[in-house]
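There are 2 protein chains.
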Amino acid sequence: MSDDTTHSDLHERVRDEVPSHLDVTDVQFEGPDLVIYTETAQKFAEDSDLLGQLARSLRKRVTIRPVSGTHSSIEEAEQVIHDVVPDEATIRDLEFHPTTGEVLIEAEKPGLVIGQRGSTIREITKNVGWHPEVVRTPPMESSTVENVRNYLTQERAERRDFLADVGQQIHGSPEKDVDWIRVTTLGCCREVGRASFVLHTPNTRVLIDCGDKPGAEGEVPYLHVPEAMPLTEIDAVVLTHAHLDHSALLPLLFKYGYDGPIYTTEPTRDLMGLLQLDYLDVASKEGRTPPYSSEQVRQAIKRTIPVEYGDVTDIAPDIKLTMHNAGHILGSATAHFHVGDGFYNLVFSGDIHHEPTRLFNGAVNNFPRAEAMVLESTYGRQNDYQTDTEKSEARVRQIIRETYDRDGTVVIPAFAVGRSQELMLVLEEAMREDEIPTMPIYLDGMIREATAIHTAYPEYLRDGLRQRILHEDENPFIADQFQQVDGGQPMREEIASGEPSIILSTSGMVTGGPIMSWIELLGPDSENTLLFVGYQAEGTLGRRIESGRTDVTLEGTHLTLHCRIESVSGFSGHADREGLEQYVEEMNPRPERILCVHGDEQATDQLSSALYQKHNIRTHQPKNLETFRFP
Amino acid sequence: MSDDTTHSDLHERVRDEVPSHLDVTDVQFEGPDLVIYTETAQKFAEDSDLLGQLARSLRKRVTIRPVSGTHSSIEEAEQVIHDVVPDEATIRDLEFHPTTGEVLIEAEKPGLVIGQRGSTIREITKNVGWHPEVVRTPPMESSTVENVRNYLTQERAERRDFLADVGQQIHGSPEKDVDWIRVTTLGCCREVGRASFVLHTPNTRVLIDCGDKPGAEGEVPYLHVPEAMPLTEIDAVVLTHAHLDHSALLPLLFKYGYDGPIYTTEPTRDLMGLLQLDYLDVASKEGRTPPYSSEQVRQAIKRTIPVEYGDVTDIAPDIKLTMHNAGHILGSATAHFHVGDGFYNLVFSGDIHHEPTRLFNGAVNNFPRAEAMVLESTYGRQNDYQTDTEKSEARVRQIIRETYDRDGTVVIPAFAVGRSQELMLVLEEAMREDEIPTMPIYLDGMIREATAIHTAYPEYLRDGLRQRILHEDENPFIADQFQQVDGGQPMREEIASGEPSIILSTSGMVTGGPIMSWIELLGPDSENTLLFVGYQAEGTLGRRIESGRTDVTLEGTHLTLHCRIESVSGFSGHADREGLEQYVEEMNPRPERILCVHGDEQATDQLSSALYQKHNIRTHQPKNLETFRFP
C-alpha cells in the first residue's frame with residue numbers, strides 16, 4: 316500500500332465517522348496523534364462526546380485543529396479567552412501559533428482553564444476557532460521546566476515535521492506478520508545499573524532505557540552489539556523513569572545518529588534533562604570526558620513525545636505502548652507493550668514501589684493482558700525486608716532529636732529526585748507537629764530544582780498531596796524552614812559553624828557533588844550525624860562509609876570521621892522483597908513468564924526461584940547480552 | 316598495530332625460529348596458513364622435523380614455497396618426479412603453478428607420492444625446489460570431484476588474493492578483550508531442519524551451518540535478524556556437514572553479499588556442491604523459484620577453505636576451530652571452537668553417530684577443553700531407541716528374501732549421501748555371503764555420484780573400509796551388481812517389468828526425484844516392497860506413507876499402493892537416545908552447559924531433562940531466535 320493510498324483511505328475513514336455537517340479538510344498524523352483539520356472547529360467543539368467517539372472507533376488519539384484562516388484574530392481570541400476563563404485560574408501567558416491554530420495557555424490553575432470535562436476549552440474553541448493547549452505555571456519556579464518549555468516553543472516548526480515523519484512511520488501497516496517477539500538484555504542483568512533492553516518484533520526494534528552504572532562509570536549498556544546496531548535504525552526509545560541508571564546514556568544515542576522519538580512522561584522528560592546535564596557537569600568536574608554534550612541532551616528533549624499514564628499510544632505499526640504509574644519517582648512508569656494485533660503483551664516494570672508512599676500512589680499491576688514481565692529485583696534477596704515506614708520515620712526523628720540535643724547537625728546524602736522530596740515531607744510534618752525542633756533544613760545541589768519540578772506536575776503525585784500543593788498555604792515543599800544553599804562554599808562554612816540544622820545534599824551515594832563538602836566540614840566532629848536513607852551501591856564511597864570505614868579521602872583531602880553514622884532503611888523508592896512478591900501475587904492477570912533483572916546475582920536468583928516455587932511462573936535470571944523469545 | 320608492523324614482526328619471528336643457514340625471503344599468510352618463501356627450499360626439505368617445530372612454536376600451520384625462479388624448470392621437475400615416485404603410485408596428472416612454485420600431483424595412490432612421513436615429497440622438493448600438493452584420483456570416476464578441482468584450478472589466481480585477505484584478517488590482534496561469547500539460534504530449535512547458529516565474540520561473528528527444512532521449504536533460517544545482518548560483515552562460516560538441512564542455504568549468503576571463507580572438510584565441500592545443485596534442480600522442477608543460482612554454488616566452493624579432522628585452524632583473531640569426525644556422513648564434523656586465549660571452549664556437535672558404523676568411525680567426544688556444547692537431539696525422546704544394527708540388517712535381508720520369493724522388487728528411498736552407501740555395503744556383503752540371492756541393485760538419482768565422492772576420500776571412512784577401497788578388487792562400491800539407472804524413464808519401466816531387483820533411489824523422504832517414478836511403477840503391485848530405512852520428517856510424503864496412507868498423489872497421478880510397506884530402523888546416521896546419552900556421559904571433559912537443539916519439542920525437552928537429572932549438567936532447550944551467553 317503506498318503512502319498516498321494510506322492517506323486518502325484515512326481521510327475517507329475519518330470522513331465516514333464524522334457527522335456530515337462538519338467539515339474535514341485534512342487529516343494528518345502527528346506522532347501517535349491523529350489531527351483533523353477543519354473549517355468548522357467551532358462546530359466540532361459543540362459536541363462534547365464526538366472526540367471520544369472518534370478516538371474509540373479509530374483507535375487513535377484525536378485532536379481537532381482549525382484550518383489556517385478560519386479562526387478569529389489573535390486580539391479577538393485573547394479577549395475571549397480572558398472573558399471565558401475565570402480570573403482565579405490566573406493566566407500567566409498566552410502563546411498563539413497561527414500555522415497550527417493552537418494557543419498555549421499557561422495558568423496557575425490549569426483545571427479552571429480546562430473546565431468540567433473540558434467545557435471551558437470547548438467554549439473557547441466554539442467562540443474563536445483556536446485550539447487551546449493548557450499548561451501549569453509551576454507553584455515553585457523551576458528553571459528546568461521553563462527552559463524545556465522555551466526550547467520546545469523555539470523548535471516548534473522543526474518538531475511538526477518530526478512528528479509528521481514519526482506519524483507516517485508508526486501508522487503504516489506492518490510489513491511482516493508478527494509471529495515472535497524478543498527481548499535482548501543490554502544491561503542491568505545480575506547487577507544494578509546500566510538498564511537497557513531491546514524489544515524486537517519482525518518489523519520493529521524498541522530500546523527501553525539506557526542508563527549508566529553508579530560506581531562503575533565505564534560500564535555502559537552493550538549498545539554496540541548487532542541487536543542494537545545501527546542505532547539509527549532503532550524505531551523508538553521508551554524511558555521508564557529519569558534516574559541516571561535508566562536515562563544517563565540516552566543522549567549518546569543521538570550522538571551516534573539516532574533521531575527518532577523517546578516516549579516517556581512529561582515529568583520524566585524534564586527530570587531527565589536536569590539529571591543528564593548534572594551528569595555532564597559531574598563528569599567534567601571529575602576530569603572524565605563526558606560521553607556527549609549538552610546539545611545532545613537538548614536533542615533528546617526535542618525528540619521526546621510525552622505520554623500520560625493509561626493512554627494507549629501507537630509507537631510502531633505493530634506495537635502499542637501504555638505507561639502506568641510505577642510509584643518509584645516522579646513520572647516513573649511501568650511500560651506495557653501490546654505487540655501485534657493481540658499477539659502478545661509484555662510488561663517492563665521499570666523500578667517500582669508497590670505500596671503507596673507519601674509522594675506517590677503504589678505501582679499499577681492491573682493490565683488488560685500481560686503474558687510476560689521484565690521485573691526489577693533490587694531488593695529480591697530472601698532477607699531484603701525493609702523497615703516499616705512508620706518505624707523508619709520515627710527513627711529518623713529520634714536521630715535528629717538526639718543530634719540536636721548534642722548541638723549537632725544532621726547531614727543526609729540524598730538523591731535529588733525522590734528520596735529528598737520524601738524526606739522533606741517527613742521533616743516538614745515532624746516540625747509542624749512539633750515532633751522535632753523547628754530548625755533550618757538546607758537543600759544543597761539540585762534538590763530544590765527537582766522539588767520545583769514535582770510541583771509543576773502535581774497530577775503525578777499521590778492523591779492527597781496533589782491537593783495540598785495546589786493550595787499555596789498548604790504546599791509542604793515551600794515551607795519556610797527549607798532553604799536553598801545558593802551561596803557556595805562560604806555559605807556552607809557559615810552553616811556548618813552555626814546553629815544545629817539539617818542538610819539534605821546530593822549525591823545520594825557520596826560519589827561527588829556538594830555532599831563531599833558537607834562531610835568534610837561536619838564529618839570530623841562527633842556532635843554531628845551522617846544519616847544514610849537510601850541504597851548505597853557497591854563501589855561507592857557511601858557504601859564504604861556505611862560499612863564502617865572512617866578514614867576517607869574526599870576530593871584529595873584525607874580525614875577521619877568522628878561523627879555518628881546511621882542508616883535508616885524504609886525510604887527506598889523500591890519495593891522490598893515482600894513488595895515484589897505481593898506485586899506479582901496480586902498482578903492481574905498473572906504473567907506466564909518473568910525475567911528477574913535489575914538486582915545483583917543473589918537477588919535475581921532468589922527472587923526468580925521464589926516466584927517459580929510459590930506461583931509456578933516460568934522465571935529466568937538473565938545475563939546481559941542474552942535474548943529471550945516470546946511466546 | 317599497523318599491518319606493516321605486524322608483517323615485519325612476523326617476518327622477524329619466523330627468521331628467529333629458522334636455522335640461520337636457511338633463507339627466509341618472505342612470510343605471508345594464506346588463509347589460516349603461514350607460508351614461508353625461501354631461496355633454499357631444497358635445504359628446508361632436508362630437515363624432516365623443521366616444519367613440525369615451526370608449526371608448534373608459531374602455533375600456525377606452516378608451508379614452505381620456493382621463491383619464484385629458484386626451482387628447476389618444469390621439464391626437469393617432471394622428470395625428477397617420475398623418477399622419485401614409485402610407478403605403483405600411478406601419477407595421472409601434473410600441474411605446475413610457477414607463481415607459487417607449487418606442483419599438483421594427482422595419483423591413484425597418493426600415499427606412495429607422499430612417502431613415509433612425507434619422505435618422498437621432501438625428496439622431490441630437495442631435488443627440484445617445487446612444492447608438491449598431492450590429490451587422489453578417485454577410484455570411481457566422479458564428475459563432482461573433477462569439476463570442483465578444475466574450477467579451483469581456474470580460479471587459482473583470484474583465490475590467492477582471497478586467501479591473502481583472509482590471512483590478514485584472521486592473524487591480526489583482536490581489537491577487544493574477549494569477556495563474553497554468545498550463541499544465537501537462527502534455526503533447528505525445537506524442530507529438525509534449517510540448522511543455523513551465530514557464534515559471537517566482542518570481535519567476531521561466525522555463522523555455523525545454514526540449512527533448509529525438508530517438507531517446509533519456505534521456513535529458512537532467520538538470517539534477516541540483526542545478529543546475522545549485515546551478512547557481508549560475518550567473519551567466517553563453518554559447515555558441519557553437507558546434508559541440505561545444514562548446507563542448502565549457504566550459497567544464499569553469497570547472493571546477499573557475503574564473500575568470506577567457509578571452513579569445512581574437503582568431502583563436505585564436494586558433497587555440498589552436489590546436493591546444492593540438486594536442490595536447485597528439484598526446486599525448479601517443482602515450479603518453485605530457486606533462492607539462488609548455480610553461480611552462487613560455485614562461489615561457495617571457491618570460498619571454501621578445507622580443514623582436516625584434528626587440525627587446529629585460526630579462523631579469526633580470537634577463534635581457533637578444530638573439526639572432528641562426527642560419524643554421521645562422509646566428511647561430517649563436530650566443530651570445536653577455542654575462543655579467546657584460553658577464555659572459553661564451545662563445541663557444536665553437528666549431527667553425530669556415537670557408535671562406529673560400516674562406513675565411519677564413531678563420533679569423537681574427546682577435547683582438550685569443552686565448557687559448553689550445542690548438541691543434536693534428533694532421537695532425544697525417552698523411547699527413541701533404535702534397533703540394534705545386526706538385527707536391522709537381518710530384517711532387511713529377510714524382507715528382501717521374502718520379496719524375491721514372491722518375484723517382487725524392493726524399493727528403498729534413501730538419501731544420496733550416507734544411508735545409500737551404508738545399504739550398499741550391507742547388500743554387497745549379503746550377496747557375497749549368499750544371505751540373499753544375487754540380483755541387480757539399481758542406483759537412481761545421485762547415489763552413484765555420491766558414492767564416487769566417498770571413494771575419492773577414503774581417509775574419511777572407517778579404518779577397515781578405507782583399505783578395501785584402495786584395492787580395486789575389494790572395493791565394495793564397484794561390485795558388479797550395482798548398476799546406475801542412466802537411461803531415464805524407459806530404463807525404469809524396463810527394470811520395473813523385469814526380474815526381481817533392488818532399487819535404491821532418492822529422495823530419501825519421498826519429497827521428489829526418481830523415487831516418485833519408482834513408487835508409481837512398483838507401488839500398485841502387491842508383490843513389491845517399499846522399504847523405509849531412514850528418518851521421515853513431519854510433512855513429507857514418506858512420513859504419510861509410513862504412517863499407513865495408501866492413497867497417494869505422485870506428481871499429479873493418483874494411485875493406491877498395494878505393495879508391502881516396511882520400515883526398518885537402525886540405519887540412521889544419528890545417535891539414538893542411548894547413543895546421545897553415552898556420547899555425553901563419556902565425553903571428556905564433560906561440558907558444564909548443553910543446549911539441546913535439532914530435535915522436535917519433545918525430543919529436546921526429554922533429552923535436556925535427562926541430561927540435567929542424570930549428570931547435573933545445566934541444560935537448555937532453546938527456541939529459535941534466542942541468544943545464550945557464555946560463560
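Protein sequences appear in the order of chains A and B.
Just so we're aligned: the first sequence equals residues 316 to 946 in the numbering used here.
Just so we're aligned: the second sequence equals residues 316 to 946 in the numbering used here.
Yeah, the Cβ is synthetic: ideal placement off N, Cα and C, and Gly gets one too.
Exercise. Could you check if residue 957 of chain A is buried or exposed, using at least 16 other CB atoms within 10 Å of its CB as the buried criterion?
Key: Summary: the structure shown does not reach residue 957 of chain A, with chain A confined to residues 316 through 946, and so no result is reported for it.
Quiz item: Does the beta carbon of residue 942 of chain A sit closer than 7 angstroms to a beta carbon anywhere in chain B?
Solution: Start at 1 with the first residue of the first sequence, and residue 942 of chain A comes out as number 627. Chain B, which has a Cβ nearer than 7 angstroms to the Cβ of residue 942 of chain A, makes this yes.
Quiz item: Taking three-plus beta-carbon pairs below 8 angstroms as touching, is the stretch 736 to 746 of chain B in contact with the stretch 834 to 843 of chain B?
Solution: no
Quiz item: Would you report the Cα separation of residue 522 of chain B and residue 872 of chain B, rounded to the nearest angstrom?
Solution: Position 207 of the second sequence, counted from the first residue, corresponds to residue 522 of chain B. Position 557 of the second sequence, counted from the first residue, corresponds to residue 872 of chain B. So the two alpha carbons sit approximately 42 angstroms from each other.
Quiz item: Where residue 827 of chain A and residue 392 of chain A are concerned, what is the direct C-alpha to C-alpha distance, given to the nearest angstrom?
Solution: Translated into the one-based positions of the first sequence, residue 827 of chain A becomes position 512. Translated into the one-based positions of the first sequence, residue 392 of chain A becomes position 77. Using only the alpha carbons, I get a separation of about 51 angstroms.
Practice problem: Please state whether DSSP places residue 317 of chain A in a helix, a strand or coil. | Solution: Here residue 317 of chain A is taken as the residue at index 2 of the first sequence, counted from 1. With a pLDDT of only 39 at residue 317 of chain A, under the threshold of 50, the placement of this residue in the model should not be trusted; the figure read from the coordinates follows. Three-state result, residue 317 of chain A: coil.
Quiz prompt | Proximity winner among B:430, B:386, B:330, B:335, relative to residue 363 of chain B (alpha-carbon distances) | solution = Locating residue 363 of chain B in the second sequence gives position 48, counting from the first residue. Here the closest residue by C-alpha is B:430.
Quiz prompt | Delimiting residues of the alpha helix (DSSP H) encompassing residue 778 of chain B | solution = As a working note, residue 778 of chain B is residue 463 in the second sequence. Segment 778 to 785, the alpha helix (DSSP H) holding residue 778 of chain B.
Quiz item: Within 7 angstroms (strictly less), CB to CB, does residue 906 of chain A reach chain B?
Solution: Translated into positions along the first sequence, residue 906 of chain A becomes position 591. Closer than 7 angstroms: no.
Practice problem: Return the chain-ordered ranges of every beta strand (DSSP E) run that is complete within the stretch 382 to 446 of chain A and spans a minimum of 3 residues. | Solution: 406 to 412, 417 to 422
Practice problem: Determine, using beta carbons only, whether residue 541 of chain A comes closer than 7 angstroms to chain B. | Solution: For the purposes of this step, residue 541 of chain A is taken as the residue at position 226 of the first sequence. Judged by the 7 angstroms Cβ criterion, residue 541 of chain A is in contact with chain B.
Quiz item: Would you say residue 495 of chain A reaches chain B, if we count a Cβ-Cβ gap shorter than 7 angstroms as a contact?
Solution: By 1-based counting over the first sequence, the position of residue 495 of chain A is 180. By this cut-off, residue 495 of chain A is an interface position.
Quiz item: Does any residue of chain A bring its CB to less than 7 angstroms from the CB of residue 938 of chain B?
Solution: Position 623 of the second sequence holds residue 938 of chain B. At least one chain A Cβ lies under 7 angstroms of residue 938 of chain B.
Quiz item: Is DSSP giving residue 323 of chain A helix, strand or coil here?
Solution: Working through the first sequence from its first residue, we reach residue 323 of chain A at position 8. Residue state, collapsed to three classes: helix.
Self-check item: DSSP three-state assignment for residue 902 of chain B, whether helix, strand or coil
Solution: Reading the second sequence from its first residue, position 587 is the one you call residue 902 of chain B. Residue state, collapsed to three classes: coil.
Practice problem: Could you pull out every residue in the same chain whose Cβ sits closer than 6 angstroms to the Cβ of residue 496 of chain A, ignoring the five residues on either side in sequence? | Solution: As a working mapping, residue 496 of chain A is identified with position 181 in the first sequence. 516, 654, 659, 945.
Exercise. Please check the pair residue 857 of chain A and residue 847 of chain A, which I expect to be a contact at CB under 8 angstroms, by giving their CB distance rounded to whole angstroms.
Key: On the first sequence, position 542 is the one that residue 857 of chain A refers to. On the first sequence, position 532 is the one that residue 847 of chain A refers to. Going by Cβ atoms, the distance from residue 857 of chain A to residue 847 of chain A rounds to 7 angstroms, so yes, they are a contact pair.
Quiz item: At a CB-CB cut-off below 7 angstroms, which residues of chain A make contact with residue 499 of chain B?
Solution: Translated into the one-based positions of the second sequence, residue 499 of chain B becomes position 184. Result: 942.
Quiz item: What residues from chain A crowd round residue 544 of chain B, counting only those whose CB sits closer than 9 angstroms?
Solution: Residue numbering aside, residue 544 of chain B sits at position 229 when the second sequence is read from its first letter. Within 9 angstroms Cβ-Cβ: 541.
Exercise. Go ahead and pull the three-state DSSP assignment for residue 775 of chain A.
Key: Within the first sequence, residue 775 of chain A is the residue found at index 460, counting from 1. Helix.
Quiz item: What does a CB cutoff of less than 7 angstroms around residue 414 of chain B pick up in its chain, not counting 5 residues either side in sequence?
Solution: Within the second sequence, numbered from 1, the residue matching residue 414 of chain B stands at position 99. So the list reads 383, once near-sequence residues are dropped.
Quiz prompt | When A:728, A:594, A:806 are compared against residue 850 of chain A, the one with the closest alpha-carbon | solution = The residue given as residue 850 of chain A occupies position 535 in the first sequence. Selected option, being the one with the closest Cα: A:728.
Quiz item: Do residue 662 of chain B and residue 669 of chain B have their CB atoms nearer than 7 angstroms?
Solution: As a working note, residue 662 of chain B is residue 347 in the second sequence. As a working note, residue 669 of chain B is residue 354 in the second sequence. Their beta carbons are not under 7 angstroms apart, which means residue 662 of chain B does not touch residue 669 of chain B by this criterion.
Quiz item: Are the CB atoms of residue 644 of chain B and residue 733 of chain B nearer to each other than 7 angstroms?
Solution: Here residue 644 of chain B refers to the residue found at position 329 when the second sequence is read from its first residue. Here residue 733 of chain B refers to the residue found at position 418 when the second sequence is read from its first residue. Yes, these two residues count as a Cβ contact at 7 angstroms.
Exercise. Leaving aside the five residues before and after residue 763 of chain A along the sequence, list all residues of the same chain whose C-beta is less than 6 angstroms from its C-beta, in chain order.
Key: By one-based count along the first sequence, residue 763 of chain A stands at place 448. Excluding positions up to five away in sequence, the list reads 799.
Practice problem: Tell me, please, which residues DSSP counts as bridged to residue 630 of chain A. | Solution: On the first sequence, residue 630 of chain A is found 315 positions in, with the first residue counted as 1. According to DSSP, which records beta bridges pairwise, residue 630 of chain A is partnered with nothing at all.
Practice problem: For residue 317 of chain A, I'd like the list of residues in its chain whose CB is within less than 7 angstroms of its CB, leaving aside the five on either flank, ordered along the chain. | Solution: For the purposes of this step, residue 317 of chain A is identified with residue 2 of the first sequence, where counting begins at 1. With a pLDDT of 39 at residue 317 of chain A, under the threshold of 50, the predicted position of this residue should be treated as unreliable, though the coordinate-derived value follows. Closer than 7 angstroms at Cβ, skipping near neighbours: no residue.
Exercise. May I ask which residues mark the beginning and end of the beta strand (DSSP E) holding residue 688 of chain B?
Key: Numbered from 1 along the second sequence, position 373 holds the residue referred to as residue 688 of chain B. Per DSSP, residue 688 of chain B belongs to the beta strand (DSSP E) from 687 to 691.
Practice problem: Note down the Cα distance separating residue 689 of chain A from residue 475 of chain B, rounded to an integer number of angstroms. | Solution: Your numbering for residue 689 of chain A matches position 374 in the first sequence. Your numbering for residue 475 of chain B matches position 160 in the second sequence. Rounded to whole angstroms, residue 689 of chain A to residue 475 of chain B spans 51 angstroms at the Cα level.
Exercise. Provide the residue span of the alpha helix (DSSP H) that contains residue 462 of chain A, from first to last.
Key: Residue numbering aside, residue 462 of chain A sits at position 147 when the first sequence is read from its first letter. That run of the alpha helix (DSSP H) goes 458 to 469.
Practice problem: Please confirm whether residue 770 of chain B and residue 751 of chain B have their CB atoms less than 7 angstroms apart. | Solution: In the second sequence, the residue the question calls residue 770 of chain B occupies position 455. In the second sequence, the residue the question calls residue 751 of chain B occupies position 436. It is not a contact, given that the beta carbons lie outside the stated cut-off.
Self-check item: Three-state secondary structure (DSSP) of residue 588 of chain A
Solution: Stepping through the first sequence from its first residue, residue 588 of chain A is reached at position 273. Helix, per DSSP.
Practice problem: Going by CA-CA distance only, name the one from B:860, B:859, B:875 that's closest to residue 866 of chain B. | Solution: Working through the second sequence from its first residue, we reach residue 866 of chain B at position 551. For residue 866 of chain B, the nearest C-alpha among the options comes from B:875.
Quiz item: Counting Cβ pairs, one atom from each stretch, are 3 or more of them under 8 angstroms apart for the stretch 802 to 821 of chain B and the stretch 690 to 708 of chain B?
Solution: no
Quiz item: Would you say residue 356 of chain B and residue 444 of chain B are within 7 angstroms of each other, going by their C-beta atoms?
Solution: Working through the second sequence from its first residue, we reach residue 356 of chain B at position 41. Working through the second sequence from its first residue, we reach residue 444 of chain B at position 129. Yes, these two residues count as a Cβ contact at 7 angstroms.
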